[in-house]
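Quick mapping for you: the protein sequence lines, in order, are chains A and B. Sequential numbering of the first sequence, starting at 3, is according to this note's numbering. Sequential numbering of the second sequence, starting at 3, is according to this note's numbering. All C-beta atoms in this analysis are idealised placements derived from N, C-alpha and C, irrespective of residue type, glycine included. Fair warning: this is a prediction, and the values are worked out from it, not measured in the lab.
There are 2 protein chains.
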Amino acid sequence: MASKKREHLIDTALELFYQNGFHATGIDRILEVAGVARMTLYNHFKSKDELILAALRRRDEKFRNWFMRTVETIGDTPDKRLPAIFDALAEWFNEKQFSGCMFINASAEFSAPDDPIHGVSAEHKNLILKYITKLAKDADLANPEDVADSLMLLAEGAIVMRYVAGDEQAASRAKLAAEKILLASKA
Amino acid sequence: MASKKREHLIDTALELFYQNGFHATGIDRILEVAGVARMTLYNHFKSKDELILAALRRRDEKFRNWFMRTVETIGDTPDKRLPAIFDALAEWFNEKQFSGCMFINASAEFSAPDDPIHGVSAEHKNLILKYITKLAKDADLANPEDVADSLMLLAEGAIVMRYVAGDEQAASRAKLAAEKILLASKA
DNA sequence: GATTAGATAGACCGATCTGTCTATTTAATC
DNA sequence: GATTAAATAGACAGATCGGTCTATCTAATC
Chain A
3 MASKKREHLI DTALELFYQN GFHATGIDRI LEVAGVARMT LYNHFKSKDE
53 LILAALRRRD EKFRNWFMRT VETIGDTPDK RLPAIFDALA EWFNEKQFSG
103 CMFINASAEF SAPDDPIHGV SAEHKNLILK YITKLAKDAD LANPEDVADS
153 LMLLAEGAIV MRYVAGDEQA ASRAKLAAEK ILLASKA
Chain B
3 MASKKREHLI DTALELFYQN GFHATGIDRI LEVAGVARMT LYNHFKSKDE
53 LILAALRRRD EKFRNWFMRT VETIGDTPDK RLPAIFDALA EWFNEKQFSG
103 CMFINASAEF SAPDDPIHGV SAEHKNLILK YITKLAKDAD LANPEDVADS
153 LMLLAEGAIV MRYVAGDEQA ASRAKLAAEK ILLASKA
């Protein structure tokens with residue numbers, strides 16, 4: 003079934019949470035922007051936390067789809083895909099609505115490691131790492147896991163430097179570092 | 003003068019904001035923990051935002067002092083200091099109260115780039131980068147700025163992977179990657 | 001001992017928060 | 001046209017939010 007109202011609430015919440023934060027975004031604001039009645043929200047979600055979880059799960063799904071598609075479009079052969087990660091990041095960073103990584107932001111607001119919201123964020127990072135590891139294996143590198151770990155760190159570091167410090171060259175700097183790692187891994 | 007009450011309020015706020023977040027920490031809670039009257043806070047700070055700024059400035063000062071001291075203790079010669087960055091991170095990550103980077107967390111909650119709180123966070127990251135660049139120059143590397151950029155990205159990535167994904171090996175993984183970068187930079 | 005500055009407790013404000021409830025309306029199915 | 005389920009507006013609750021104000025008290029200085 004997947005009620006249209008429910009879908010629309012998730013999309014609206016996703017947008018507002020991403021742009022303005024979780025605690026800073028009230029239920030009333032979400033209802034106002036979505037144009038939906040209060041009880042419609044509480045019929046579909048038990049609480050605000052449940053709505054946050056739904057929004058994060060949608061974000062994970064949408065972001066990883068976009069990311070994998072973009073990496074594999076820019077990198078048309080297996081050995082071009084690891085560097086293409088950073089071209090994809092550069093695209094993301096240039097989006098007008100870029101507000102950092104929603105999962106880093108979520109972990110910042112829900113700090114308890116056993117909070118389900120923190121858990122979904124951890125899972126997202128692990129799925130991204132898994133994808134990068136797969137790319138590294140497809141590229142026939144000697145030590146794919148280590149290279150993937152390194153590139154993951156560079157990618158996350160780039161997100162932070164772009165968002166927190168406002169460094170517009172963060173993605174290309176990370177790409178340079180990644181190329182050094184890759185070169186060392188082939189030798 | 004630097005009133006004792008004022009100092010104590012900043013320290014208490016720093017602790018609570020770091021552990022529980024900024025929006026999630028109310029004025030009442032800070033007053034309760036600090037054991038200070040409401041008007042004492044508002045005599046020293048115009049608003050909650052001003053208190054947040056004071057707490058972040060103190061955190062920047064304390065953290066960078068600790069970081070530089072630790073790096074230079076572990077790395078007793080100039081060429082050992084860049085790798086020592088990641089040993090210092092490992093120490094930090096193992097602290098019982100570790101809750102990620104307070105400035106990344108602050109940027110997550112105050113997303114507008116022109117928000118003073120976001121500005122203080124950007125400044126903190128730039129000061130850390132500046133320090134790493136100084137270390138790279140002292141180590142007589144061919145391209146100290148590039149190496150510093152790379153190591154900064156690895157360090158920030160490690161913070162994210164440790165805090166968001168719970169990876170307890172994040173610091174040592176970052177150190178491995180950094181050593182590859184450093185090796186490539188000496189050849 | 002009088003003066004002064006800083007800190008106190010606590011009432012109070014208006015706004016906002018998440019979540020509940022009711023009574024009504026809409027719209028699709030039979 | 002009757003039935004049924006979903007969505008509506010809006011009142012309401014109880015708590016908490018940041019911030020102001022007052023009246024009292026403490027402690028140091030002169």
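For residue 98 of chain A, there is no enclosing alpha helix (DSSP H), as DSSP gives it neither H nor E. Residue B:61 holds the alpha-carbon nearest to the alpha-carbon of residue 102 of chain B among B:9, B:70, B:61 and B:182. In the structure shown, residue 166 of chain A adopts coil according to DSSP, grouped into three states. In this structure the region 61 to 81 of chain B does not lie against the region 42 to 49 of chain B, because fewer than three pairs of beta carbons, one per stretch, are closer than 8 Å. Taking a beta-carbon distance threshold of 8 Å, residue 128 of chain B counts as an interface residue toward chain A. Note that the region 110 to 121 of chain A does not touch the region 168 to 176 of chain A; fewer than 3 beta-carbon pairs, one per stretch, sit closer than 8 Å. Secondary structure of residue 114 of chain A (DSSP, three-state): coil. With respect to the 8 Å criterion, residue 26 of chain B and residue 53 of chain B are not classified as neighbours on the basis of their beta carbons. Within the region 156 to 174 of chain A, those residues whose Cβ lies closer than 9 Å to any Cβ of chain B are, in chain order, 156, 157, 158, 159, 160, 161, 162, 163, 165, 166, 167, 168, 169, 171 and 172. Look at residue 135 of chain B here: in three-state DSSP terms it is helix.
Here residue 5 of chain B carries a coil assignment [DSSP, helix/strand/coil]. For residue 141 of chain A, no alpha helix (DSSP H) run applies, since DSSP gives it neither H nor E.
The Cβ-Cβ distance between residue 168 of chain A and residue 138 of chain B does not fall below 8 Å.
Under the three-state reduction of DSSP, residue 159 of chain B is assigned to helix. Contact annotation: in the region 114 to 128 of chain B, residues whose CB is within less than 7 Å of a CB in chain A are 115, 123, 124, 127 and 128. Residue-level contact by beta carbon fails for residue 63 of chain B and chain A, as no gap is shorter than 8 Å. Closest in alpha carbon position to residue 141 of chain B, among B:86, B:108, B:100 and B:128, is B:86.
The beta carbons of residue 110 of chain A and residue 106 of chain B sit closer together than 8 Å. Each residue's CA atom was taken as its position, placing residue 146 of chain B and residue 135 of chain B some 6 Å apart.
Taking residue 20 of chain A as reference, the option from A:154, A:55, A:39 and A:183 with the minimal CA-CA separation is A:55. Residues of the region 95 to 116 of chain A whose Cβ lies closer than 7 Å to any Cβ of chain B, in chain order: 101, 102, 105, 106, 107, 109, 110, 111, 113 and 115.
Taking 8 Å as the threshold, the shortest C-beta distance from residue 142 of chain B to chain A does not fall below it. For residue 122 of chain A, the three-state secondary structure derived from DSSP is helix.
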